[in-house]
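Here's the structure we're looking at; comments come further down.
Residue numbers (this note's numbering), protein chains in the order written: chain A, 1 to 286; chain B, 287 to 539.
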C-alpha cells in the first residue's frame with residue numbers, strides 16, 4: 001500500500017499470472033486473519049472453561065461461577081454505583097497523570113536538553129522509577145490520610161519518572177538538521193519548539209502514557225483499597241468486608257473491561273491519529 | 287537589486303590546545319543581481335562553511351559580509367540543503383508554509399505556484415515519507431524559492447541523488463531560476479554541474495583561498511548534452527588540473 005502511495009500512480013493493469021498471484025496473496029491473508037480471530041476466540045473460551053473448572057473445584061462460595069459474577073456486574077451497573085465510583089477512579093487517575101506530566105515533562109525536557117541537568121536528575125529519577133508502587137500507595141496515604149489526594153499522589157509518583165525518562169529520550173533524539181534548517185530560514189525559538197521539538201517528543205510521550213497507564217490504574221485502585229472513600233478500590237474493599245466474593249470479582253471484571261476500552265479505543269486510536277505521518281501508523285489511522 | 291558583498295572573510299576553527307585550523311583565508315568577492323554563482327572546490331576547502339557563514343548559521347572569525355535586499359528592508363534568504371530536511375510530521379504544503387513569515391492567501395498561492403513548477407502540485411497533502419528522495423528534494427527547492435529570497439543558497443543539493451534524477455532536477459532548477467531570476471550561490475564539488483548551471487564559478491583551493499574566478503558566458507537554457515556546454519566543461523576541468531595536484535600535495539589541516 002505504501003509503495004503505491006510513493007509512486008503516486010495507479011497500479012498497472014493486472015496481467016494473467018500477476019493477477020493469480022495477487023488473488024493467492026489475498027487468500028493467504030484472509031486465511032491468516034481467520035486463523036488469528038479463531039485463536040483469539042478460543043483463548044476466551046479457554047479462560048471461561050478454566051474459571052468454570054475452578055468454581056467446581058473450590059466450590060462456588062469461594063470462587064463464584066462466571067454467570068453469577070456476570071449477574072452481579074449487571075446489578076452494579078444498574079444500581080448506578082458503577083458510574084459514580086468509576087468516574088471517581090478515572091478522575092483521580094487522570095488527575096495523577098496530569099500532575100505527573102506537569103512535573104515529569106519539564107524534568108525530562110531539562111534532562112534531554114542539557115547534560116548538567118541530566119547529571120542532576122538522572123539517578124534520582126531512576127530511583128523513583130524503581131520504588132515499588134505499593135510503597136507509593138502507603139506513603140501517599142500516610143501523607144494525605146483518607147482523602148482523594150492519596151490516590152492522586154500515588155499515581156503521580158508512579159508515573160512521573162516514566163514521563164521524565166521518555167521525554168528526555170525524545171528530546172535527545174531530535175534531528176539537529178531540522179533545527180539548522182529552521183534557523184537558516186529565520187524561524188523563532190518558539191516556532192522551532194512547536195514545529196520540531198514537540199512533534200519529535202509526541203511518540204515518546206505516548207509510549208510513556210501507555211506504559212504508565214497499565215501501572216497507574218492498579219496503584220490507584222490499590223490506594224483506594226487501603227484508604228479511599230469512593231472509587232473502584234473502595235467498593236472492592238467494601239464487598240470484601242461483606243464477604244460478597246461475586247461482587248468483588250464483578251467490580252474487578254468491570255474494571256478490567258473499562259481499562260481495556262480506554263487502552264484499545266482511546267489511547268491506541270489517539271496515538272494512531274497523532275502519528276499518522278509515520279508510514280507504519282498510516283494504515284491504522286486512515 | 288540584491289548585492290552580496292564578502293570582504294576579507296576568514297574563519298578558523300579552534301581545535302583546542304592552541305591548535306587552529308584555517309578554513310577560509312581572507313576571501314573577498316561580490317555577487318550582484320540576477321546571477322547564478324557556483325562555489326567549487328575539493329572536499330574540505332571550506333565551501334559549506336562559507337555558505338553557513340553567509341546564511342548566519344555559523345560565525346566567522348574576521349571580515350565582513352553584507353547583503354542588501356531587492357526591496358529595501360531586511361534581506362531574505364532561502365536555503366536548499368544536501369538532504370531535503372522536511373518536517374516528516376507535516377504535509378508538503380505545511381512544510382512550504384512553515385518557512386513563510388506570513389500565512390496570507392497570497393503567500394499560500396505563491397507556495398502552490400512553486401510547488402507546481404517542480405511538478406508536485408498534486409502532492410501538496412502528502413507527507414514527506416510518502417515521496418521519493420528526488421521528490422522530497424524538489425519540495426526543498428520549491429520551499430526555498432517560495433520565500434522569494436533576495437539570496438538563495440544551495441549546498442550540493444543534488445549530491446545525494448542518482449545521476450538521472452539529478453540531471454532532471456538540474457534542468458528544472460534552471461527553468462525555475464530563469465522565471466524567478468534570483469541571486470543564487472550554489473556550492474558543489476562537481477565542476478561539470480557548475481558549468482551547466484552558472485554564470486560564474488568561484489573556485490576555492492584547500493586552505494580557503496580563491497583559486498580562480500571564472501565567468502561562464504553561454505546561452506540559456508543549457509542542457510548537459512549541448513556541445514558547447516561539454517566543450518567548456520572540458521576546458522574548465524583542464525584549467526583546474528593543477529588544483530587536483532595541490533589538494534593531494536597539501537592535505538587540509
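We put the beta carbon where it would ideally sit given N, CA and C, even for glycine.
Nothing here was measured: the structure is a model prediction, and the numbers come from that model.
Extent of the continuous alpha helix (DSSP H) to which residue i belongs
i: residue 230 of chain A; result: No alpha helix (DSSP H) contains residue 230 of chain A, which DSSP labels as neither H nor E.
i: residue 334 of chain B; result: 333-341
i: residue 525 of chain B; result: 513-525
i: residue 433 of chain B; result: No alpha helix (DSSP H) contains residue 433 of chain B, which DSSP labels as neither H nor E.
i: residue 253 of chain A; result: 245-261
Buried or exposed (CB count within 10 angstroms, at least 16 for buried), residue i
i: residue 13 of chain A; result: Interpretation of residue 13 of chain A is limited by its pLDDT of 49, a score under 50 that renders its predicted location unreliable; no figure is taken from the coordinates.
i: residue 58 of chain A; result: exposed
i: residue 233 of chain A; result: buried
i: residue 277 of chain B; result: Any question about residue 277 of chain B goes unanswered here, given that chain B covers just 287 to 539.
i: residue 528 of chain B; result: exposed
i: residue 346 of chain B; result: buried
i: residue 507 of chain B; result: exposed
i: residue 175 of chain A; result: exposed
i: residue 333 of chain B; result: buried
i: residue 366 of chain B; result: buried
i: residue 490 of chain B; result: buried
i: residue 306 of chain B; result: exposed
i: residue 300 of chain B; result: exposed
i: residue 294 of chain B; result: exposed
i: residue 497 of chain B; result: buried
i: residue 350 of chain B; result: exposed
i: residue 338 of chain B; result: buried
i: residue 441 of chain B; result: buried
i: residue 34 of chain A; result: exposed
i: residue 381 of chain B; result: buried
Residues of its chain near residue i, where Cβ-Cβ distance is below 6 Å and the 5 sequence neighbours each way are ignored
i: residue 212 of chain A; result: 159, 162
i: residue 468 of chain B; result: 438
i: residue 487 of chain B; result: 324, 326, 480, 500
i: residue 250 of chain A; result: 69, 72, 73, 76
i: residue 364 of chain B; result: 430, 433, 435, 438
i: residue 291 of chain B; result: 316, 352
i: residue 271 of chain A; result: 206
i: residue 112 of chain A; result: 168, 171, 172
Segment limits, beta strand (DSSP E) that includes residue i
i: residue 171 of chain A; result: Per DSSP, residue 171 of chain A belongs to no beta strand (DSSP E); it is in the alpha helix (DSSP H), 149-172.
i: residue 297 of chain B; result: 289-302
i: residue 352 of chain B; result: 348-354
i: residue 499 of chain B; result: 495-501
i: residue 305 of chain B; result: 305-318
i: residue 59 of chain A; result: Note, residue 59 of chain A: premise wrong, no beta strand (DSSP E); not H, not E.
i: residue 481 of chain B; result: First-last for residue 481 of chain B: 477-483, but that is the alpha helix (DSSP H), not the beta strand (DSSP E).
i: residue 458 of chain B; result: No beta strand (DSSP E) contains residue 458 of chain B, which is instead part of the alpha helix (DSSP H) from 449-466.
Residues near residue i in its chain [Cβ-Cβ closer than 7 Å; skip 5 each side]
i: residue 452 of chain B; result: 444
i: residue 146 of chain A; result: 227, 229
i: residue 514 of chain B; result: 504
i: residue 254 of chain A; result: 73, 76, 82
i: residue 258 of chain A; result: 86
Proximal residues to residue i (C-beta, below 8 Å), its chain only, five neighbours per side dropped
i: residue 370 of chain B; result: 414, 419, 422, 423, 425, 426
i: residue 30 of chain A; result: none
i: residue 237 of chain B; result: The question about residue 237 of chain B has no answer here: the residues shown for chain B are numbered 287 through 539.
i: residue 524 of chain B; result: none
Closer than 6 Å: residue i CB and nearest the ligand COA heavy atom
i: residue 317 of chain B; result: Summarising the ligand content, the structure contains no ligands, and the ligand COA is consequently not present.
Interface residues of the region 199-218 of chain A facing chain B [CB-CB below 7 Å]: Those residues of the region 199-218 of chain A that come within reach of chain B (Cβ to Cβ, closer than 7 Å) are 199.
Contact set between the region 171-188 of chain A and chain B, restricted to residues whose Cβ is under 9 Å from the partner: Flagged, chain order: 175, 177, 178, 180, 181, 182, 183, 184, 185, 186, 187.
Residues of the region 430-442 of chain B whose Cβ lies closer than 9 Å to any Cβ of chain A, in chain order: When C-beta distances to chain A are compared with 9 Å, the residues of the region 430-442 of chain B below that value are 430, 433, 439, in chain order.
Cβ-based contacts, 7 Å cut-off: residues of the region 46-72 of chain A near chain B: If you check each beta-carbon in the region 46-72 of chain A against every beta-carbon of chain B, none falls closer than 7 Å.
Segments of 4+ residues assigned as alpha helix (DSSP H) that fall wholly inside the region 373-397 of chain B: For the region 373-397 of chain B, whole alpha helix (DSSP H) runs of length 4 or above, ordered along the chain, are 378-384.
Whole alpha helix (DSSP H) elements within the region 73-119 of chain A, 4-residue minimum: Correct list: 81-113.
Chain A contacts made by the region 404-425 of chain B, where a contact means CB separation under 9 Å: Listed by position along the chain: 408, 409, 412, 413, 414, 415, 416, 417, 418, 421.
Residues from the region 380-406 of chain B in contact with chain A, defined by Cβ distance under 7 Å: Along the region 380-406 of chain B, the positions whose C-beta sits under 7 Å from a C-beta of chain A are 384, 385, read in chain order.
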